[in-house]
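S.K.: Quick one: this structure, given as structure tokens, is what I'll be asking you about.
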Amino acid sequence: MAGLAPAGLHAAVGRALAQLDGVILGKAAQVRLAMACVLARGHLLIEDQPGVGKTTLAQALARTLGLDFRRVQFTSDLLPADLLGVSIWDAASGSFRFQPGPVFSQVLLADEINRATPRTQSALLEAMEERQVSEGGVSRALPDPFFVIATQNPGAFVGTSPLPEAQLDRFLLTVTLGYPDVRAERTLLETGGRSQSVRELPPVLDPATLLAAQSEVDRVHAAGALLDYLQLLARATREHPALASGLSPRALLALLAVSKAWAYLDGRDAALPEDVQAVFPALAGHRLPLRGAPGTGGIGAIVTGLLRDTPLP
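Residues in the sequence shown are numbered from 1 upward in steps of one, following the UniProt record's numbering.
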């Protein structure tokens, strides 16, 4: 499958999206954002209450993409070594032997990440940014592709610790699934939630094909006018009176990458302002700290206003 022509690659990605839509009912926009996140080599944070399909989306995505999947339930007693791995003394060889942790997988689901301590949350930083793990003075590369999906319960839930800003910035996009619409919920009731088991999903892509699709996304063109628009948006966030800080240069590069991925999913070889506007709320919302108490509509209203008031170049 890795030798597919560009048109064949795009068609395969389209089939993967269609399969995911058949499992995650009524959430086409969120599924598309998740796929764009993967194609842009980013990591995804899913914020919502339990029971709305966060884990199902992560498992379905891994199965559909043909990637190795590991799940870690984050708890208050989870240690960094439980996630990254540890060196164990091997008496037979007279040396230490590294026992890899679950982070050494192609898709890692960090379930309820904000129930762990900040120390364990931070253990993911190097893995997410550098795609490697350092232990015992040795750096070990993670698989390629490598994709972290973290789920997060609302901050008001008992036993949660807010993610630090540096950790939040490592997530390319944040999505919220929310309740299903009436039709999707009725389908769940009629089938008992078993309309299509995640475990039965066939792989549509494989790792080599996904890497090839990511390379195609890199080649999506971004004209100078589009880069002007990105800079105007960044400046608007930095000058907004309700925001403590705006988008960083790293966040701007991330916005460009995921905008290209969104254009690729539409079958285009050039990104447009409409692509930027489609992904901007999911990229900017968790990166823009408020200066004071949230006003009416909170950060969502501010992001909407930024898109409305920033002129196209």
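Where a beta carbon is used, it is the ideal one built from N, C-alpha and C, also for glycine.
Just checking, does the segment 209 to 216 make contact with the segment 68 to 82 on the three C-beta pairs under 8 Å criterion?
M.R.: Segments in contact, no.
S.K.: I'd like to know whether the C-beta atoms of P289 and E165 end up nearer to each other than 8 Å.
M.R.: With a cutoff of 8 Å on beta-carbon distance, P289 and E165 are scored as near each other.
S.K.: Can you list, in chain order, the residues of its chain whose CB lies under 6 Å from that of R70, leaving out five sequence neighbours each side?
M.R.: P102, S105, L108
S.K.: Assign Y179 to one of two classes, buried (16 or more other C-beta atoms within 10 Å of its C-beta) or exposed (fewer than that).
M.R.: exposed
S.K.: What's the C-alpha gap between Q30 and L247?
M.R.: Taking the straight line joining both Cα atoms gives about 22 Å.
S.K.: Taking the CB atoms as reference points, tell me whether L172 and G300 lie closer together than 8 Å.
M.R.: Using a Cβ distance threshold of 8 Å, L172 and G300 do not count as a contacting pair.
S.K.: Work out the CA separation of L39 and L124 for me, nearest whole Å.
M.R.: 20 Å
S.K.: May I ask you to list the residues that DSSP assigns as paired with F98?
M.R.: S87, per the DSSP bridge assignment.
S.K.: Mind checking which residues open and close the alpha helix (DSSP H) that includes F74?
M.R.: Looking at the DSSP string, F74 is not in any alpha helix (DSSP H), and its letter there is neither H nor E.
S.K.: Is DSSP giving residue 315 helix, strand or coil here?
M.R.: Not covered by the structure: residue 315. The range shown for the chain is 1 to 313.
S.K.: Inspect the beta-carbon positions of K260 and L177 and report whether they are closer than 8 Å.
M.R.: no
S.K.: What is the residue span of the beta strand (DSSP E) that R250 lies within?
M.R.: No beta strand (DSSP E) holds R250; the alpha helix (DSSP H) holding it covers 249 to 265.
S.K.: List the residues that DSSP assigns as beta-bridge partners of L45.
M.R.: A150, T174
S.K.: Less than 8 Å separating the beta-carbons of L57 and A28?
M.R.: no
S.K.: Tell me, to the nearest whole angstrom, how far the beta carbon of V175 is from that of L44; I am working on the premise that it is less than 8 Å.
M.R.: 7 Å
S.K.: How long is the line joining the alpha carbons of I46 and D309, rounded to whole angstroms?
M.R.: Across the structure, I46 and D309 are spaced so that their CA atoms are roughly 28 Å apart.
S.K.: What residue from F98, E239, T191 has the CA that sits closest to S87's CA?
M.R.: The shortest CA-to-CA distance from S87 to any of F98, E239, T191 is the one to F98.
S.K.: How many angstroms separate the CA atom of H286 from the CA atom of R170?
M.R.: 10 Å
S.K.: Quick check: what's the CA-CA separation for D48 versus R115?
M.R.: If I take the Cα positions, the gap works out to 13 Å.
S.K.: Go ahead and label Q132 buried or exposed: buried means 16 or more other beta carbons lie within 10 angstroms of its beta carbon, across all protein chains shown.
M.R.: exposed
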